[in-house]
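Below: one structure, written as structure tokens.
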Amino acid sequence: MDKDVLAALRGKFIVFDGVDGAGKGAQIKLFTDALTAAGIDFVATRDPGGTPIGDRIRHVLLDYDLTVMDIRCETLLFMASRAQLARDVLRPALERGAVCICDRYVSATCAYQGAAGADPRTIMELAKHAVGDCWPHLTLVVDLPVDVALERTGRKAGSRKKPDAAEGQFRLFHDSGEDAMEARPLDFHQRVRERFLELPTYYPTPVAIVDGRGSVSEVEARVTEALKRAFC
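The opening residue of the sequence shown carries number 614 in our numbering; numbering runs sequentially from there.
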């Protein structure tokens, strides 16, 4: 990635988001590797999680069956984790001029909980209360058709590991296998993609839709171009 572009990102908050399997993880890795090589201070975190409290909330949200959880409860838990992340990680890093990179943020709740029936206006009101003025300078949504994204992951929408008999709930190892969001059916994931593509029409800060098709390096070039347009 162009060093001039990287230098322009000091003190900026960048979010990577998109449907499961779109390739945002690979782009985050390339981005953080480039920042490291350029000697630029950065913080890379994730949402939900990123703090001890947030990681406990992440465990509840992603490692268990959510079919019995009210969508309002689910949305509020995401916001609770996000509030802690903004206070403990994001604001301090931005204040010292570091680049902040986050794997998902409010944009994900707009897409995932929005696809599950949560009202986008209510989501935004809750988000403003949870994070205050800690909004990304740019959200990069890596976009890919759902069937292609699922093919990349080797998973099938709606599948799920068997419940843990000792706990009576669906439990997974952290950050491995399918989580509770990924396990939802195909039509849910299609609605998620639609919600992501709608973000630029109402999100309070800039959103760039990045075509996730092609090789990792081709997508990286599109990410770089989106960053140039936003900050250079």
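Ideal Cβ positions, reconstructed from N, Cα and C, are used throughout, including at glycine. Source: prediction; values computed, not measured.
- request: Thinking Val712 and Leu643 are a contact (beta carbons under 8 Å), I'd like their distance in whole angstroms, please.
  value: Actually they are not in contact, since the Cβ atoms of Val712 and Leu643 sit about 14 Å apart, beyond 8 Å.
- request: Would you kindly work out how many angstroms separate the C-alpha atoms of Arg765 and Cys845, rounded to a whole number?
  value: 33 Å
field: Residue environment, Val681, which counts as buried when at least 16 other CB atoms sit within 10 Å
entry: exposed
query: Taking contact to mean at least 3 C-beta pairs separated by less than 8 Å, is the stretch 800 to 812 in contact with the stretch 669 to 678?
result: no
- prompt: When we look at the beta-carbon of Lys637 and count the other beta-carbons within 10 Å, is it buried (16 or more) or exposed?
  reply: buried
field: CA-to-CA distance, Thr752 to Arg784, given in whole angstroms
entry: Annotation note: pLDDT 29 at Arg784 (below 50); position unreliable, no value reported.
- prompt: Buried or exposed: which applies to Lys625, given that a residue is buried once 16 or more other Cβ atoms fall within 10 Å of its Cβ?
  reply: buried
task: Between the Cα of Ala635 and those of Leu674, Pro665 and Val805, spot the shortest distance and give me the residue it belongs to.
output: Val805
field: Per-residue DSSP class, three states only, for Val823
entry: strand
- request: Within the same chain, show all residues whose beta-carbon is closer than 6 Å to that of Ser694, passing over the 5 residues directly before and after it, in chain order.
  value: Pro661, Gly667 and Ile670
- request: Measure the Cβ-Cβ separation of Ile641 and Ala651 and say whether it is below 8 Å.
  value: no
field: Start-to-end residues for the beta strand (DSSP E) that takes in Cys747
entry: Run containing Cys747: none; DSSP gives neither H nor E here.
task: Name the one or two DSSP bridge partners that Arg704 has.
output: Arg704 is not bridged to any residue.
query: Is the beta carbon of Asp646 sitting closer than 8 Å to the one on Ser720?
result: no
- prompt: Is DSSP giving Gln782 helix, strand or coil here?
  reply: With a pLDDT of only 32 at Gln782, under the threshold of 50, the placement of this residue in the model should not be trusted, and no figure is reported.
field: Closest Cα partner of Val761 within the set Asp617, Asp633 and Ile627
entry: Asp633
task: Would you mind sorting Tyr725 into buried or exposed? The rule is 16 or more other CB atoms within 10 Å of its CB.
output: buried
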